[in-house]
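There are 2 protein chains.
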Amino acid sequence: MKFAAVDVRQAASAADIVYEALRRAIIEGDLAEGENLRQEEIAQMFNVSRIPVREALSRLEQHGLITTQRYKGAVVAGLSIEEIEEIFQFRALIEAEVMRLAVPNLDRATLERAQAYRDAFDRETDPHRWGEINRMFHYSLYEASHRPYYLQNVRASLDRIDRYLRAQLSFTDGVPRAGREHEAILAACEKGDAALASLLTRDHILDAGRSLVTFLRGQRG
Amino acid sequence: MKFAAVDVRQAASAADIVYEALRRAIIEGDLAEGENLRQEEIAQMFNVSRIPVREALSRLEQHGLITTQRYKGAVVAGLSIEEIEEIFQFRALIEAEVMRLAVPNLDRATLERAQAYRDAFDRETDPHRWGEINRMFHYSLYEASHRPYYLQNVRASLDRIDRYLRAQLSFTDGVPRAGREHEAILAACEKGDAALASLLTRDHILDAGRSLVTFLRGQRG
DNA sequence: CATAGAAATATTGGATCCAATATACAATCC
DNA sequence: GGATTGTATATTGGATCCAATATTTCTATG
Numbered sequence: 001m002k003f004a005a006v007d008v009r010q011a012a013s014a015a016d017i018v019y020e021a022l023r024r025a026i027i028e029g030d031l032a033e034g035e036n037l038r039q040e041e042i043a044q045m046f047n048v049s050r051i052p053v054r055e056a057l058s059r060l061e062q063h064g065l066i067t068t069q070r071y072k073g074a075v076v077a078g079l080s081i082e083e084i085e086e087i088f089q090f091r092a093l094i095e096a097e098v099m100r101l102a103v104p105n106l107d108r109a110t111l112e113r114a115q116a117y118r119d120a121f122d123r124e125t126d127p128h129r130w131g132e133i134n135r136m137f138h139y140s141l142y143e144a145s146h147r148p149y150y151l152q153n154v155r156a157s158l159d160r161i162d163r164y165l166r167a168q169l170s171f172t173d174g175v176p177r178a179g180r181e182h183e184a185i186l187a188a189c190e191k192g193d194a195a196l197a198s199l200l201t202r203d204h205i206l207d208a209g210r211s212l213v214t215f216l217r218g219q220r221g
Numbered sequence: 001m002k003f004a005a006v007d008v009r010q011a012a013s014a015a016d017i018v019y020e021a022l023r024r025a026i027i028e029g030d031l032a033e034g035e036n037l038r039q040e041e042i043a044q045m046f047n048v049s050r051i052p053v054r055e056a057l058s059r060l061e062q063h064g065l066i067t068t069q070r071y072k073g074a075v076v077a078g079l080s081i082e083e084i085e086e087i088f089q090f091r092a093l094i095e096a097e098v099m100r101l102a103v104p105n106l107d108r109a110t111l112e113r114a115q116a117y118r119d120a121f122d123r124e125t126d127p128h129r130w131g132e133i134n135r136m137f138h139y140s141l142y143e144a145s146h147r148p149y150y151l152q153n154v155r156a157s158l159d160r161i162d163r164y165l166r167a168q169l170s171f172t173d174g175v176p177r178a179g180r181e182h183e184a185i186l187a188a189c190e191k192g193d194a195a196l197a198s199l200l201t202r203d204h205i206l207d208a209g210r211s212l213v214t215f216l217r218g219q220r221g
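First to last, the sequence lines map onto chains A and B. Note that the UniProt record's numbering gives residue 198 to position 198 of the first sequence, counting from 1, and the numbers run on in steps of one. Note that the UniProt record's numbering gives residue 66 to position 66 of the second sequence, counting from 1, and the numbers run on in steps of one.
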């Protein structure tokens, strides 16, 4: 187990730090699906007692990232193909709507920020950074929707499937294809065409979902 | 503070029991918006230590039902009018989709169960039971969508605004209107018209949202 | 040697105690 | 009398200890 550095600026408590570190480790795939998470082990890694660890695990369970069983411990949750398909459908629905709501509020600075992320995504060669940059690209546009509750749900649903997306991006032509789709979405945004940007976002997500599912079917047999 | 009995069948731990009891108290409005929740006080009510209470509060915070501040404690979260509007929009979006996905799977037994809930809703005079029965009516149809992730999100978003809906149902013509709309939704379901059922569900939720917002504007000034 | 039962170990959930700090209130000074 | 400072209290977050039980290991027996 390895953990990334955590942004402690708004992590008031030890439980927050542990939660955020575990969350990142799970969504980035550093903790394998089905891997056992023992409270004592994690506590020693972070130099804290088991109390804040338990709080962090409890939160992760609420978000569906792990499952726990008394006396047996927690394991990183895996998703069935059906669950993955459902989450992609869900994302397509709400992110298309968020995009539609965002377009009228997009200003020059936001578009330029999104362009920068798109370029960074195309240039990036490290698979471990694709997910993060992809998120930043989409979030930078989504934020203009001024819909915090939607965005919270976008984040939660993305958290659940990010690990799988990463695998798919690494092993298929997902990156160049996503790059082209980002390009088209951004063009629609620049034209101020909310309906088109929304539709392209929906297709972008459904495409990635289909590609991932066929990839996983091959992998899982 | 009063708490309803908790279904302990799947509440393995004390933390689960406290969580479920507090959740219900909040969504049913028994705990007033802004009310202070002190760990020690809750612990004594449930005859447990503060540890499981803290875990329960942590989960509630993750779901947005309370907010906590170190050394100051937790308070029941209130929603601004804007936040309420956003959650209704969100519900309209996803519940309309769930309804659309459910209609092809509706069988006779399910429709009869939904009819029973619709009738019970119309007959019910206790405002405290409207919310629960309304939920049962909608859930009984939604479940046919076989989309657990969607349903989880339906539940989470409904949890956030149920307390306000309750007030609106009590003080406006919300109940008879909702009754008529339930009737129409059910008719569309019986005809197997997914598009119509979806549209009516969307309008049903947006109507309730608009009605609630005007009610709250009058109340809050 | 394989298997069944018993003891040892591992692991979680909860209780009690300690540390840190925000708030309330009283004492003091102008 | 009002403002300011200091202390006492309230309250949370975390550490340590205890209880309960699942898992593993060891031993005895056929």
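Just so you know, even glycine gets a beta-carbon here, dropped at the ideal spot from N, CA and C. Predicted model, so just to flag it, every value in this text is computed and none were measured.
Distance check for B/R166 and B/F215, CA to CA, integer angstroms please. Sequence index remark: in the second sequence, residue 215 of chain B carries index 215 (1-based). Sequence index remark: in the second sequence, residue 166 of chain B carries index 166 (1-based). Approximately 12 Å between the Cα atoms of the pair.
Grouping DSSP H, G and I as helix and E and B as strand, with all else coil, what is B/T68? As a working note, residue 68 of chain B is residue 68 in the second sequence. B/T68: strand per DSSP, three-state reduction.
According to DSSP, residues forming a beta bridge with A/V76: Reading the first sequence from its first residue, position 76 is the one you call residue 76 of chain A. DSSP output for A/V76 lists A/I66 as bridge partner(s).
Please list the residues of the region 147-172 of chain A that have a C-beta atom closer than 7 Å to any C-beta atom in chain B, keeping them in chain order. R147, Y149, Y150 and N153
Report the start-end ranges of each alpha helix (DSSP H) in the region 8-41 of chain A that is 4 residues or longer and not cut off at the edges. 14-27
Measuring alpha carbon to alpha carbon, tell me which residue in B/Y71, B/A178 and B/A15 is nearest B/R123. Along the second sequence, one-based indexing puts residue 123 of chain B at 123. It is B/A178 whose Cα lies nearest to the Cα of B/R123.
Does residue 227 of chain A get closer than 8 Å to chain B when you measure Cβ to Cβ? Here chain A has residues from 1 to 221 only, and residue 227 of chain A is not among them.
Through-space distance from B/Y71 to B/R38, alpha-carbon basis: Start at 1 with the first residue of the second sequence, and residue 38 of chain B comes out as number 38. Start at 1 with the first residue of the second sequence, and residue 71 of chain B comes out as number 71. Distance between the alpha carbons of B/R38 and B/Y71 is about 11 Å.
Using a Cβ-Cβ cut-off of less than 8 Å, list which residues of the region 92-116 of chain B approach chain A; keep chain order. Hits within the stretch, in order: L93, I94 and E97.
Using a Cβ-Cβ cut-off of 8 Å, state whether A/I87 counts as contacting chain B. For the purposes of this step, residue 87 of chain A is taken as residue 87 along the first sequence, with counting starting at 1. True, the Cβ-Cβ gap to chain B drops below 8 Å.
Below 8 Å on the Cβ atoms is my guess for A/S58 versus B/E55; work out the distance and round it to an integer in Å. As a first step, residue 58 of chain A is located in the first sequence; it is residue number 58 there, counting from the start. As a first step, residue 55 of chain B is located in the second sequence; it is residue number 55 there, counting from the start. A/S58 to B/E55, Cβ: 5 Å. Contact.
Among the residues of its own chain, which have a CB less than 7 Å from the CB of A/G192, if the five just before and after it don't count? To locate residue 192 of chain A, count along the first sequence from 1; it is residue 192. So the qualifying residues of the chain are V103.
Residue range of the unbroken alpha helix (DSSP H) whose run includes B/H182: By one-based count along the second sequence, residue 182 of chain B stands at place 182. Where B/H182 is concerned, the enclosing alpha helix (DSSP H) starts and stops at G174 to K191.
Same chain, Cβ closer than 7 Å to B/L186, neighbours up to 5 away in sequence not counted: Locating residue 186 of chain B in the second sequence gives position 186, counting from the first residue. Non-local beta-carbon contacts of B/L186 in its own chain, meaning distances under 7 Å to residues more than five positions away in sequence, involve A114, Q115 and R118 in chain order.
Answer yes or no: do A/T84 and A/I161 have a C-beta to C-beta separation smaller than 8 Å? For the purposes of this step, residue 84 of chain A is identified with residue 84 of the first sequence, where counting begins at 1. For the purposes of this step, residue 161 of chain A is identified with residue 161 of the first sequence, where counting begins at 1. First, the amino acid is wrong: residue 84 of chain A is Ile here, not Thr. Yes, they are a contact pair.
Straight-line gap, B/L31 to B/V18 (C-alpha atoms, nearest Å): As a working note, residue 31 of chain B is residue 31 in the second sequence. As a working note, residue 18 of chain B is residue 18 in the second sequence. Going by the C-alpha atoms only, they are around 14 Å apart.
Please report how far the alpha carbon of B/P176 lies from the alpha carbon of B/S170, in whole angstroms. Here residue 176 of chain B is taken as the residue at index 176 of the second sequence, counted from 1. Here residue 170 of chain B is taken as the residue at index 170 of the second sequence, counted from 1. The straight-line gap from Cα to Cα measures roughly 11 Å.
Output, in chain order, the set of chain A residues within a Cβ distance shorter than 9 Å of B/A208. Indexing the second sequence from 1 puts residue 208 of chain B at position 208. Going along chain A, no residue has its Cβ under 9 Å from B/A208, so there is no contact; the nearest lies around 17 Å.
Distance, Cα to Cα, A/L60 vs A/Q69? Counted from its first residue, the first sequence places residue 60 of chain A at position 60. Counted from its first residue, the first sequence places residue 69 of chain A at position 69. If I take the Cα positions, the gap works out to 13 Å.
Tell me which residue opens and which closes the alpha helix (DSSP H) that B/G218 is part of. Numbered from 1 along the second sequence, position 218 holds the residue referred to as residue 218 of chain B. Counting along the chain, the alpha helix (DSSP H) containing B/G218 begins and ends at A194 to R220.
Distance, A/E86 Cα to A/R129 Cα: If you number the first sequence from 1, residue 129 of chain A lands on position 129. If you number the first sequence from 1, residue 86 of chain A lands on position 86. Using only the alpha carbons, I get a separation of about 25 Å.
Residues in its own chain within less than 7 Å of B/R217 by CB, not counting five upstream and five downstream? Position 217 of the second sequence, counting from 1, holds the residue named residue 217 of chain B. Here the set comprises I81.
Just how far apart, CA to CA, sit A/A5 and A/G29? Translated into the one-based positions of the first sequence, residue 5 of chain A becomes position 5. Translated into the one-based positions of the first sequence, residue 29 of chain A becomes position 29. At A/A5 the pLDDT is 43, less than 50, meaning the model places this residue with poor confidence; the figure from the coordinates comes in the next sentence. Cα to Cα, the separation comes out at about 15 Å.
Using the Cβ count rule (16 or more neighbours within 10 Å means buried), how would you classify A/Q168? For the purposes of this step, residue 168 of chain A is taken as the residue at position 168 of the first sequence. Buried.
Less than 8 Å between CB atoms is the rule here; does B/R202 satisfy it with respect to chain A? Here residue 202 of chain B refers to the residue found at position 202 when the second sequence is read from its first residue. No, because no Cβ of chain A sits closer than 8 Å to the Cβ of B/R202.
Going along the chain, which residues of its own chain have a beta-carbon closer than 7 Å to the beta-carbon of B/V213, five neighbours each way excluded? For the purposes of this step, residue 213 of chain B is taken as the residue at position 213 of the second sequence. Hits under 7 Å: I81, I84 and E85.
With 16 as the cutoff for other CB atoms within 10 Å, does A/Q152 come out buried or exposed? Counting from 1 along the first sequence, the entry for residue 152 of chain A is found at position 152. It is exposed - the Cβ of A/Q152 has fewer than 16 other Cβ atoms within 10 Å.
Which residues of chain A have a Cβ atom closer than 8 Å to the Cβ of B/S58, listed in chain order? By 1-based counting over the second sequence, the position of residue 58 of chain B is 58. Result: A15, E55, S58 and R59.
Tell me which same chain residues have a C-beta within less than 6 Å of the C-beta of A/D159, skipping the five on either side of it? Here the question's residue 159 of chain A lines up with position 159 in the first sequence. Within the same chain, A/D159 has close Cβ partners I27.
Taking CB distances under 8 Å as the criterion, tell me whether B/A74 reaches chain A. The residue labelled residue 74 of chain B in the question sits at position 74 within the second sequence. No, its Cβ sits nowhere closer than 8 Å to a Cβ of chain A.
If you reduce the DSSP assignment to three classes, tell me which class B/V48 lands in. Taking the second sequence and counting its residues from 1, the one referred to as residue 48 of chain B is at position 48. Coil, per DSSP.
If you check the beta carbons only, do A/P52 and A/A15 fall under 8 Å apart? For the purposes of this step, residue 52 of chain A is taken as residue 52 along the first sequence, with counting starting at 1. For the purposes of this step, residue 15 of chain A is taken as residue 15 along the first sequence, with counting starting at 1. Yes. Within cutoff.
Report yes or no: is there a C-beta of chain A within less than 8 Å of the C-beta of B/E83? Along the second sequence, read from residue 1 onward, the residue named residue 83 of chain B stands at position 83. True, the Cβ-Cβ gap to chain A drops below 8 Å.
Alpha-carbon to alpha-carbon, B/I133 and A/E95: Within the first sequence, residue 95 of chain A is the residue found at index 95, counting from 1. Within the second sequence, residue 133 of chain B is the residue found at index 133, counting from 1. A/E95 and B/I133 have their C-alpha atoms spaced approximately 31 Å apart.
If I'm right that A/C189 touches A/L79 with Cβ under 8 Å, what's the distance once you round it to whole angstroms? In the first sequence, the residue the question calls residue 189 of chain A occupies position 189. In the first sequence, the residue the question calls residue 79 of chain A occupies position 79. Contact doesn't hold; Cβ gap of about 31 Å is too wide.
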